Every structure is written in C-alpha cells, then in structure tokens.
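Residue numbers (the numbering used here), protein chains in the order written: chain A, 159 to 270; chain B, 549 to 662. Ideal Cβ placement from N, Cα and C applies to all residues, glycine included. Since this is a predicted model, take the numbers as computed values, not measurements. These notes concern the structure reproduced below.
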Amino acid sequence: GEDVEQSLFLSVREGDSSVINCTYTDSSSTYLYWYKQEPGAGLQLLTYIFSNMDMKQDQRLTVLLNKKDKHLSLRIADTQTGDSAIYFCAESKTGGYQKVTFGIGTKLQVIP
Amino acid sequence: SAVISQKPSRDICQRGTSLTIQCQVDSQVTMMFWYRQQPGQSLTLIATANQGSEATYESGFVIDKFPISRPNLTFSTLTVSNMSPEDSSIYLCSVEGLTQETQYFGPGTRLLVL
Chain A
159 GEDVEQSLFL SVREGDSSVI NCTYTDSSST YLYWYKQEPG AGLQLLTYIF SNMDMKQDQR
219 LTVLLNKKDK HLSLRIADTQ TGDSAIYFCA ESKTGGYQKV TFGIGTKLQV IP
Chain B
549 SAVISQKPSR DICQRGTSLT IQCQVDSQVT MMFWYRQQPG QSLTLIATAN QGSEATYESG
609 FVIDKFPISR PNLTFSTLTV SNMSPEDSSI YLCSVEGLTQ ETQYFGPGTR LLVL
C-alpha cells in the first residue's frame, strides 16, 4: 500500500539551513512532491522530482531522492521567517492524473 | 499553473444540513479532484471528477454523502450532505498541471459543523 511518513515538527534559526525528511513505501512512485501550506492558506507546490533523478535544485531549495531507501528530503538554504509553514511530502504513480498521497506534514518553525 | 478559486472560503453549518462547495478553474482541465484535510491531519482524496462521467470515489467515501458534479471542463461542485461535527475539515479541489506531472490546489473551504 501507499504510505508517506514525515516528522511532525522542525525548529531552526533564521539564516540556518532546514532539512525536512520523508520516507515512502510504494516503490512504484514516479513523482515525489513537496507542498507548502501557510496558516489559513491552500497548498502551494514548491517543487517535485521524477523518480529517475537523485537531486533537483531550485534557488534555495534542494531535493534529494534516495530511491533505494525510499527517502526524500527537502533542504531550504538560508531559512527565513517567511518559510514558517507546514511542508507536505507527497507521491504519485502517474503524476497529475491520479491520486496524490500525502504525508502528515512537517511544521517548520523559524526562530528569528 | 492554473488559477483555482473555491467558494465559500469558510462556513459554519448546523448538523444535519448540507453544503455545496464550488471549484472554478481559469482554464480547461481534464481531471478535477476533491480532497479532505481533517484537523491536524494529512490530505485524503475523496473522489476524482471527470467531465461527462460519474465521479470515482475512494474507499471510505460514498456518493450519497459527497455528491459531485462536473458540468464542464472548468467547474465542479462537492456537496457535503447531512453534516455531522466529524465533517469539520478543509475541503480542497485540485487539477492536473499543464505538463500532467503535478496537481495544483485551490485555496480550500474551511468547514465547521456544530
């Protein structure tokens, strides 16, 4: 079955790097996503990676994928107070046409 | 990415009543999805709505409780019927992205049932 797990909470100081980790169980996952949810807002797609890649960088965001261990991480460089939010790890077998399975979300608290 | 709007943005309802949530997209899309996010929980897919056919429901969700309409390629509604406090959640619609590799989400409808 499909299962996505991530830790519930992470606290970092402003200017430090944040690393949010996620594990998934479905080896047929093709797309792996990171979404951001700010208080009172919907979900914003931050970045995603295809399963045949092991790294993707987009400005301050770096996604690392270890397909053998089914481990995904999101690194945010130079974390700012505006990065405080809940970050959801998610996976899909076929991309946007089918169900996306989400983790429970990691609440990132950035301390000024 | 598509621009997605939902109405209402929030509502407080009495148990036993029904609420219809609207989802509007600024471009034509094949697939529209409805998710539920219960307090402190992850998102769970309720159903997938294709234009011109009946919605496909996930295990644990039934059409009588969550009827869905998809009259055209830019619009869908989800009705939460005969509500109870356990239905208090955020309800989000999503659509497939232009490259079909992603899904984009609306802002959500925050529902509180008393």
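- Task: Report buried or exposed for B/Gln651, applying the criterion of at least 16 other Cβ atoms within 10 angstroms of its Cβ.
- Result: For the purposes of this step, residue 651 of chain B is identified with residue 103 of the second sequence, where counting begins at 1. Looking at its Cβ environment, which holds 16 or more other Cβ atoms inside 10 Å, B/Gln651 is buried.
- Mind listing which residues of the segment 197 to 211 of chain A have their C-beta closer than 7 Å to chain B's C-betas, in chain order? Ala199, Gly200, Leu201, Leu203, Tyr206
- Beta-bridge pairing of A/Asp216 - partner residues as DSSP gives them: Counted from its first residue, the first sequence places residue 216 of chain A at position 58. Bridge partners of A/Asp216: A/Leu219.
- If I'm right that B/Ala595 touches B/Glu606 with Cβ under 8 Å, what's the distance once you round it to whole angstroms? Taking the first residue of the second sequence as 1, we reach residue 595 of chain B at position 47. Taking the first residue of the second sequence as 1, we reach residue 606 of chain B at position 58. Right, their Cβ atoms sit about 6 Å apart.
- With 8 Å set as the bound, which would you pick, yes or no: does the beta-carbon of A/Ile178 sit closer than that to a beta-carbon of chain B? Stepping through the first sequence from its first residue, residue 178 of chain A is reached at position 20. Chain B contact via Cβ: absent.
- Along chain B, in chain order, which residues have C-beta atoms closer than 7 Å to that of A/Gly111? Because chain A in this structure spans residues 159 to 270, residue 111 of chain A falls outside the shown range and cannot be described.
- Pick from A/Asp241, A/Thr183, A/Ala243 that is closest to A/Asn224, judged by C-alpha positions: Counting from 1 along the first sequence, the entry for residue 224 of chain A is found at position 66. Taking only the C-alpha atoms, the option nearest A/Asn224 is A/Thr183.
- Pick helix, strand or coil for B/Pro633, following the three-state DSSP scheme. As a working note, residue 633 of chain B is residue 85 in the second sequence. The answer is helix: DSSP assigns B/Pro633 an H, G or I state.
- Query: Leaving out the 5 sequence neighbours to the left and right, which residues in its chain are closer than 6 Å to B/Arg558 when beta-carbon positions are compared?
  - Reply: Walking along the second sequence from the start, residue 558 of chain B turns up at place 10. Arg658.
- Query: Should B/Tyr652 be flagged as near chain A, meaning a C-beta pair shorter than 8 Å?
  - Reply: As a position in the second sequence, residue 652 of chain B is number 104, starting the count at 1. Taking Cβ atoms only, chain A reaches closer than 8 Å to B/Tyr652, which makes this a yes.
- Pick out whichever of B/Gln554, B/Ile560, B/Asp574 has its Cα sitting closest to the Cα of B/Thr622. Taking the second sequence and counting its residues from 1, one reaches residue 622 of chain B at position 74. If we check each option's Cα against that of B/Thr622, B/Asp574 comes out closest.
- Using a Cβ-Cβ cut-off of 8 Å, state whether A/Tyr182 counts as contacting chain B. Within the first sequence, the letter at position 24 stands for residue 182 of chain A. It does not: the Cβ of A/Tyr182 has no partner Cβ on chain B nearer than 8 Å.
- Item | Closer than 7 Å at the beta carbon, the chain B residues around A/Gly263 | Here residue 263 of chain A refers to the residue found at position 105 when the first sequence is read from its first residue. Neighbours of A/Gly263 on chain B, chain order: Ser590.
- Query: If you measure beta-carbon to beta-carbon, which residues of the segment 569 to 583 of chain B are closer than 7 Å to chain A?
  - Reply: Met579
- Query: At a cut of 8 Å, does the segment 628 to 635 of chain B reach the segment 235 to 242 of chain A through at least three beta carbon pairs?
  - Reply: no
- Query: For A/Arg171, is the classification buried or exposed, using 16 other Cβ atoms within 10 angstroms of its Cβ as the cut-off for buried?
  - Reply: The residue you call residue 171 of chain A lines up with position 13 of the first sequence. Classification for A/Arg171: exposed.
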